[in-house]
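Protein chains in written order, with our numbering: chain A, 25 to 235; chain B, 69 to 185.
No residue lacks a Cβ here, since even glycine has one placed at the ideal position from N, Cα and C.
Predicted, not measured: the structure shown is a model, and the values here were computed from it.
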Amino acid sequence: MIGYFPVAVTFGIAGTAAGLTGPQVILVSALIYAGASQFLLLASIKAGTPWIWVVALCSLLNVRHLLYGPLLARLLPPARRERLRLAFLLTDEVFATAFNRLESVAPARRGRWMAALGLGAWLTWIAGTAVGAHAGDGLERHFPMLAQVMRFALPALFTALVCQSARGGLGLSVAAALAGAGALAALGHTSLAILAGAVIGCLAFRLRRRA
Amino acid sequence: MNASGPGFWAAVAAMAVITYLTRALPFLLSERSRLLRRLAREGSALSALGPSLLAGIAAAVIVPDLLDAGAGMPGLGAYAGGLAATAVASRLMSNTGAAVLLGMAGYGLLLALSGQG
Numbered sequence: 025m026i027g028y029f030p031v032a033v034t035f036g037i038a039g040t041a042a043g044l045t046g047p048q049v050i051l052v053s054a055l056i057y058a059g060a061s062q063f064l065l066l067a068s069i070k071a072g073t074p075w076i077w078v079v080a081l082c083s084l085l086n087v088r089h090l091l092y093g094p095l096l097a098r099l100l101p102p103a104r105r106e107r108l109r110l111a112f113l114l115t116d117e118v119f120a121t122a123f124n125r126l127e128s129v130a131p132a133r134r135g136r137w138m139a140a141l142g143l144g145a146w147l148t149w150i151a152g153t154a155v156g157a158h159a160g161d162g163l164e165r166h167f168p169m170l171a172q173v174m175r176f177a178l179p180a181l182f183t184a185l186v187c188q189s190a191r192g193g194l195g196l197s198v199a200a201a202l203a204g205a206g207a208l209a210a211l212g213h214t215s216l217a218i219l220a221g222a223v224i225g226c227l228a229f230r231l232r233r234r235a
Numbered sequence: 069m070n071a072s073g074p075g076f077w078a079a080v081a082a083m084a085v086i087t088y089l090t091r092a093l094p095f096l097l098s099e100r101s102r103l104l105r106r107l108a109r110e111g112s113a114l115s116a117l118g119p120s121l122l123a124g125i126a127a128a129v130i131v132p133d134l135l136d137a138g139a140g141m142p143g144l145g146a147y148a149g150g151l152a153a154t155a156v157a158s159r160l161m162s163n164t165g166a167a168v169l170l171g172m173a174g175y176g177l178l179l180a181l182s183g184q185g
């Protein structure tokens, strides 16, 4: 939850910098509740990407979530209704924490433990977004240089996410995706660049595995 | 996409539903589902999809900024320096938020030093 707060503040600031109102930014955080997808939304507003593309890219970005259920299933309460409630709260960070800690929790208490972890993270995310959205507006008016620094939050976040995900033999895929998408973005095709990056990265991964 | 148009809210609603479905779908399917076992298999090309997509988004966000900043060289240096600071911080620590804040601090410092602020 401590790690969530600064990213949520960053989203709030970047959201207002992208032209969203405070309530809009907070609603996006409360409803979507997926950091990478939310920042994709901001990047798409900036790039003028059609919304149908944004939704398609969000679907691709979220495919990784399909892996969390099977890995956590043996640790969670068996009641399907409870699992479906907990599913809304299953972010990357909540999954990582639960996967590492849930086994040490008594089976009878696991449902409540997961709900507390997930709700705490969700509320932290919304609160951080609200702080960022509020601070971002004031900064723009009173401290223009600070506001310029805050607009750097979006490229900084994606740089951090890319560097942290380029591990475990994925360096080549990420480098190929960056190069391909970068070339298309330089030519002005920013929407196409995102999709091309995904395709090129997966192809590089397959080629490397075959080699 | 316009942030004030109905398309924006349609996108937000669709993204919310899709995000929830990708999290909930595995709990609706059988644990013995062939599809899920295939997805969870180690070394699946799917493991490269998320990072590759993030790299694509990063390029789409950063490259236009770099081209814009290229018109004024000091701004370009601060931007590139800020990205480098973020990259180093994110490799040294696992906390994404802290790495972003350090990168922003580096960018701000370089902006102030170059007199761009």
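Does the distance from the C-beta atom of Phe76 of chain B to that of Ala111 of chain A stay below 8 Å?
no
Just to make sure I have the definition right: I need the residues of chain B whose C-beta is within less than 7 Å of the C-beta of Gly206 of chain A. Which are they?
Ala127, Val131
Name, please, each residue of chain B whose Cβ falls closer than 8 Å to the Cβ of Met169 of chain A.
Gly176, Leu179, Ala180, Gly185
DSSP three-state label for Ala235 of chain A, please.
coil
I need the straight-line Cα distance from Met172 of chain B to Pro30 of chain A, nearest angstrom please.
12 Å
So with Cβ pairs under 8 Å, would you call Leu144 of chain B a contact of chain A?
no
Chain-ordered neighbours of Gly43 of chain A on chain B, where CB pairs are closer than 7 Å:
Ala71
Are the beta-carbon atoms belonging to Ser68 of chain A and Gln62 of chain A less than 8 Å from one another?
no
Below 8 Å on the Cβ atoms is my contact criterion, and I expect Gly221 of chain A with Ala205 of chain A to pass it. Report the Cβ-Cβ distance as a whole number of Å.
3 Å
Residue closest to Ile56 of chain A, alpha-carbon to alpha-carbon, out of A:Ala217, A:Leu147, A:Phe229, A:Leu99
A:Leu147
How long is the line joining the alpha carbons of Leu65 of chain A and Phe123 of chain A, rounded to whole angstroms?
28 Å
For Ser197 of chain A and Leu216 of chain A, the rounded distance between their alpha carbons
18 Å
Anything in chain B within Cβ reach of Phe35 of chain A, meaning under 8 Å, just list it in chain order.
Here the premise fails: no neighbours, minimum Cβ distance about 10 Å.
For a test of the three-state rule: what should DSSP assign to Gly43 of chain A, helix, strand or coil?
coil
Between which two residues does the alpha helix (DSSP H) carrying Asn163 of chain B extend?
Per DSSP, Asn163 of chain B belongs to no alpha helix (DSSP H) and is neither H nor E.
Give a yes or no on whether 8 Å exceeds the smallest Cβ distance from Ala79 of chain B to chain A.
yes
Output the distance between the C-alpha atoms of Leu81 of chain A and Val129 of chain A, rounded to the nearest integer angstrom.
36 Å
Residues in its own chain within less than 7 Å of Val155 of chain A by CB, not counting five upstream and five downstream?
Val33, Gly36
What three-state label does DSSP hand Phe182 of chain A in the structure shown?
helix
If you reduce the DSSP assignment to three classes, tell me which class Ala127 of chain B lands in.
helix
Return the CA-CA distance between Leu144 of chain B and Ala153 of chain B, expressed in angstroms with no decimal places.
14 Å
Are any of the Cβ atoms in chain B nearer than 8 Å to that of Gly156 of chain A?
no
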